[in-house]
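Visitor:
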Amino acid sequence: MRRTISEDRARRVVSDGAKKVTEEDVNRVVTRADDIQRKVLGSGALSRLITDVKLMISLVKDYWNDNYREVPWWTIAAVVAALLYVLSPVDLIPDFIPFFGLLDDAAVVSACLFLVEQDLSNYRKWKNSNEDSETEDTSTDAEPEE
Numbered sequence: 000m001r002r003t004i005s006e007d008r009a010r011r012v013v014s015d016g017a018k019k020v021t022e023e024d025v026n027r028v029v030t031r032a033d034d035i036q037r038k039v040l041g042s043g044a045l046s047r048l049i050t051d052v053k054l055m056i057s058l059v060k061d062y063w064n065d066n067y068r069e070v071p072w073w074t075i076a077a078v079v080a081a082l083l084y085v086l087s088p089v090d091l092i093p094d095f096i097p098f099f100g101l102l103d104d105a106a107v108v109s110a111c112l113f114l115v116e117q118d119l120s121n122y123r124k125w126k127n128s129n130e131d132s133e134t135e136d137t138s139t140d141a142e143p144e145e
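Heads up: the sequence shown at position 48 corresponds to 47 in numbering that gives the first Met the number 0, and the numbers run straight through without jumps.
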């Protein structure tokens, strides 16, 4: 019995899932972000992807809140599909099978990262530049020292 899914199968899960994503699904990721992060952190196979998963969640939140719209809907849908897959108790390999059950989650997240790599990189640059400008804004608001 195979205990992992292939890269091609993981990419199909993301692509097929992205075609079905609705605004309600986007909202579900936003409202369940903490649950998604907890599941990722609690899994050896997924925990190595926590930085990327946090960035994916941040992208979805910024999109949902109209802070960042310089991204195709398909990218948002693919990220949402992958994150909902992680959240879902019904996977290709059930999570209750020790270690192996979370491998398909990791494969799906990794496939999504590959598929949306450029858009996620662009978002990271935007996010970093916004954080830098916010830091500059707060430092210029400080009272001058005497």
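Glycine is no exception: its CB is placed at the ideal position from the N, C-alpha and C atoms.
Mind checking residue 47: buried by the 16 CB within 10 Å criterion, or exposed?
Guide: Classification of residue 47: exposed, given that the 10 Å Cβ count is below 16.
Visitor: Three Cβ pairs or more, each shorter than 8 Å: is that satisfied between the region 29-48 and the region 68-75?
Guide: no
Visitor: Scan the region 8-32 and note each continuous beta strand (DSSP E) run of 3 residues or more that stays entirely inside, going in chain order.
Guide: Unbroken beta strand (DSSP E) runs of no fewer than 3 residues, entirely contained in the region 8-32, are not found.
Visitor: Taking 7 Å as the limit between beta carbons, can you name the residues of its chain near residue 114, skipping five residues before and five after?
Guide: 10, 13, 77
Visitor: Which first and last residues belong to the alpha helix (DSSP H) in which residue 52 is found?
Guide: 49-63
Visitor: In whole angstroms, give me the CA-to-CA distance for residue 133 and residue 81.
Guide: 30 Å
Visitor: With a threshold of 8 Å, are at least 3 pairs of Cβ atoms found where one atom belongs to the region 117-131 and the other to the region 23-36?
Guide: Touching, no.
Visitor: Report all residues from its chain with a CB closer than 8 Å to the CB of residue 85; omit the five preceding and five following residues, and keep chain order.
Guide: 35, 38, 39, 45, 52, 104, 107, 108
Visitor: For residue 84, does the three-state DSSP call read helix, strand or coil?
Guide: Residue state, collapsed to three classes: helix.
Visitor: Taking the Cβ atom as the reference point for each residue, do residue 79 and residue 20 lie within a distance shorter than 8 Å?
Guide: yes
Visitor: Report back the beta-carbon spacing between residue 6 and residue 110 to the nearest angstrom; my notes put them in contact at under 8 Å.
Guide: Right, the Cβ-Cβ distance comes to about 6 Å (below 8 Å), so this counts as a contact.
Visitor: Starting from residue 46, trace the alpha helix (DSSP H) both ways and give me its first and last residue.
Guide: 43-46
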